[in-house]
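One structure below.
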Amino acid sequence: MKFHQSSQARIAIFIILLFHFCVDISASKSPILQRKENSYFKHSIKGLDKIALNKESQVLPLTTTHIHSSLSSINRGGSEVMTETKPGLPASLKLLIGAGGIYGAFLYYGSLQEDVFRFTSDDGGTFKQAWFLQVLEALSNVIVGYAGMLITGATKGIPLTMFGISGAAQVTAKACTSLALANGLSFPVATLAKSGKMAPVMAGSLIIGGAKYSLREYLQVLAIIGGTAIVSMGKKKGSSSSSFMGVAYILMSLALDGVIAGFQKKLKEETAKAGVKPKPYDYMFWTNLFMCLTAIVISFGLGEFTTGIDFCLANPEILSKIVKFSACSAIGQSFIFYTIANFDPLVLSTVTTTRKIFSVLLSIFLKGHSLSLTGWSGIGLACGGILSEVQAKRSTKKSHSH
200 MKFHQSSQAR
210 IAIFIILLFH
220 FCVDISASKS
230 PILQRKENSY
240 FKHSIKGLDK
250 IALNKESQVL
260 PLTTTHIHSS
270 LSSINRGGSE
280 VMTETKPGLP
290 ASLKLLIGAG
300 GIYGAFLYYG
310 SLQEDVFRFT
320 SDDGGTFKQA
330 WFLQVLEALS
340 NVIVGYAGML
350 ITGATKGIPL
360 TMFGISGAAQ
370 VTAKACTSLA
380 LANGLSFPVA
390 TLAKSGKMAP
400 VMAGSLIIGG
410 AKYSLREYLQ
420 VLAIIGGTAI
430 VSMGKKKGSS
440 SSSFMGVAYI
450 LMSLALDGVI
460 AGFQKKLKEE
470 TAKAGVKPKP
480 YDYMFWTNLF
490 MCLTAIVISF
500 GLGEFTTGID
510 FCLANPEILS
520 KIVKFSACSA
530 IGQSFIFYTI
540 ANFDPLVLST
550 VTTTRKIFSV
560 LLSIFLKGHS
570 LSLTGWSGIG
580 LACGGILSEV
590 QAKRSTKKSH
600 SH
């Protein structure tokens, strides 16, 4: 299948789809926006204190569990509801700001990440220093997190042991995703594969916790995994194939995603035992600080720190891309906090999940990936699984509201 449309036309179509999406999901206004101003501010801050960051590549930095628990506490926080609309920006405009910021930051983030690992210097060298990249990305988030703590106030007495363990696991998962790209796995395949992170979570829960899942949940995961496999095998002749090491690294990243969920649950329990409620920027600063420290140690141990600096100094073009990539990561976090503060978790989940689909499509259209009809059928199957997951969450939300 060939696409002859210009890049400008594709981008225009994407903007139209994004605007339609934002208008559609803004139709159901969050109950949070209907509370009195004082009650809203008090309980929003109280609920946001429970948010934890999950630093995965391409995939959203906040886990569904933390988002749902946080926003549930906000919804329970105030009992007095106004009949008239709360003064301020319209809900549709707030959604456009929040969703637009998330889309803009993380779509560009994904594009830059792909550019970094597809970059070839004049002497034929490529960027392989994935751990050095994690140092710079985590450092940018540490800076923004620290600035946020200065503004909102730092929480004292936070138990840091689980922050260290969780941060080390998260940065390792992100590094594995970057290493998959560095070892030949295409960005669309990597992104679709990371969308199936429920697979290791479900496997761990079934084996360890004896959890039960519906047939639909199994089919959703199988659709994402099966579609990703079809895309990987459905490239046209002459296009680069996914290397064994690329596949191995993305599987390692998925396995770590399943472990990280358990670490974050333990972190929540430890903070509750200590009687403290970390604010969002506490989570952002401390998690990324330990991520940064872990990446520094490993990058020095592997010799990537010095070689990464040398490569960037010899190729200023890639240095510019890495700086922008790191900035997008930190900026995207801020828009996530804004969206959580103004809308219920379903809105954020919808935005972040559909963002992955747009990332895949933009990569295919704008980065020159060539897919056969079989490859496109895999894209459709995987995206169908992702959208089915979003629709299931919307249905669950509606049933609980009645």
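Numbering-wise (this note's numbering), the sequence shown opens with residue 200 and increments by one. Beta carbons are placed, not taken as given, at the ideal position from N, Cα and C, and that holds for glycine.
Under the rule that 16 or more other beta-carbon atoms within 10 Å means buried, what is residue i, buried or exposed?
| i | result |
| --- | --- |
| arginine 554 | buried |
| glycine 356 | exposed |
| serine 452 | buried |
| aspartate 322 | exposed |
| aspartate 509 | exposed |
| proline 515 | exposed |
| serine 562 | buried |
| leucine 247 | With a pLDDT of 40 at leucine 247, under the threshold of 50, the modelled position of this residue cannot be trusted; read the value that follows with caution. Under this definition leucine 247 is a buried residue. |
| threonine 486 | buried |
| serine 519 | exposed |
| phenylalanine 443 | exposed |
| proline 289 | exposed |
| glycine 445 | buried |
| lysine 609 | Summary: the structure shown does not reach residue 609, with the chain confined to residues 200 through 601, and so no result is reported for it. |
| alanine 513 | exposed |
| serine 385 | buried |
| glycine 500 | exposed |
| serine 498 | buried |
| glycine 297 | buried |
| glycine 437 | The predicted position of glycine 437 is uncertain, since its pLDDT is 47 and thus under 50; a value taken from the coordinates is nonetheless stated next. Answer is exposed; the Cβ neighbour count stays below 16. |
| serine 528 | buried |
| glycine 309 | buried |
| glycine 352 | exposed |
| glycine 344 | buried |
| isoleucine 585 | buried |
Can you give the Cα-Cα distance for residue i and residue j, rounded to whole angstroms?
| i | j | result |
| --- | --- | --- |
| isoleucine 231 | leucine 547 | Low confidence applies to isoleucine 231: its pLDDT is 40, below 50, so where it sits in the model is not reliable, and the reading given next is rough at best. In a straight line, the C-alpha of isoleucine 231 is about 14 Å away from that of leucine 547. |
| lysine 285 | lysine 293 | For lysine 285, the pLDDT reaches just 48, beneath the cut-off of 50, and the residue's location in the model is therefore unreliable, although a value from the coordinates is still provided. Whole-angstrom Cα-Cα distance: 13 Å. |
| serine 587 | isoleucine 342 | 37 Å |
| threonine 506 | serine 413 | 49 Å |
| lysine 393 | isoleucine 449 | 8 Å |
| serine 525 | leucine 359 | 24 Å |
| alanine 367 | glutamine 333 | 11 Å |
| lysine 228 | cysteine 511 | Any reading at lysine 228 must be qualified, since the residue scores a pLDDT of 43, below 50, and its modelled position is unreliable; the value itself is stated next. In a straight line, the C-alpha of lysine 228 is about 46 Å away from that of cysteine 511. |
| alanine 471 | threonine 325 | 46 Å |
| valine 559 | alanine 473 | 42 Å |
| alanine 591 | glutamate 416 | 9 Å |
| lysine 605 | leucine 572 | No information on residue 605 is available, as it lies outside the stretch 200 to 601 that the chain covers here. |
| valine 388 | tyrosine 302 | 19 Å |
| leucine 295 | threonine 538 | 10 Å |
| lysine 467 | cysteine 375 | 25 Å |
| alanine 494 | glycine 287 | 42 Å |
| glutamine 328 | alanine 402 | 31 Å |
| isoleucine 459 | leucine 335 | 21 Å |
| phenylalanine 331 | methionine 483 | 20 Å |
| leucine 418 | leucine 391 | 15 Å |
| threonine 264 | glycine 577 | Confidence is the limiting factor: at threonine 264 the pLDDT is only 41, short of 50, which leaves the residue's position unreliable and the question unanswerable from this model. |
| glycine 300 | lysine 476 | 27 Å |
| glutamate 469 | threonine 319 | 46 Å |
| serine 594 | asparagine 340 | 35 Å |
| glycine 363 | serine 533 | 22 Å |
| valine 496 | alanine 454 | 22 Å |
| histidine 568 | aspartate 481 | 40 Å |
Per the DSSP calculation, residue i is bridged to which residue(s)?
| i | result |
| --- | --- |
| threonine 325 | Thr319 |
State the CB to CB distance for the pair residue i and residue j, rounded to an integer number of angstroms; the pair is presumed to be in contact (CB under 8 Å).
| i | j | result |
| --- | --- | --- |
| glycine 395 | threonine 427 | 7 Å |
| leucine 311 | lysine 523 | 6 Å |
| glycine 583 | alanine 422 | 6 Å |
| phenylalanine 536 | proline 479 | 5 Å |
| phenylalanine 504 | serine 365 | Not really, about 23 Å apart at Cβ, beyond 8 Å. |
| leucine 349 | cysteine 491 | That belief does not hold up - the Cβ atoms of leucine 349 and cysteine 491 are roughly 18 Å apart, past 8 Å. |
| isoleucine 425 | leucine 570 | According to the sequence displayed, residue 425 carries glycine and not isoleucine. Contact flag wrong, Cβ pair sits at about 16 Å. |
| glycine 531 | alanine 304 | 3 Å |
| phenylalanine 557 | leucine 306 | 6 Å |
| isoleucine 521 | valine 315 | 6 Å |
Using a Cβ-Cβ distance cut-off of 7 Å, determine whether residue i contacts chain C.
| i | result |
| --- | --- |
| isoleucine 424 | The chain inventory of the structure shown lacks chain C, comprising one protein chain alone. |
For the alpha helix (DSSP H) that contains residue i, what are its first and last residues?
| i | result |
| --- | --- |
| aspartate 509 | 503 to 513 |
| phenylalanine 362 | 360 to 381 |
| glycine 474 | First-last for glycine 474: undefined, no H or E at that position. |
| proline 387 | 386 to 394 |
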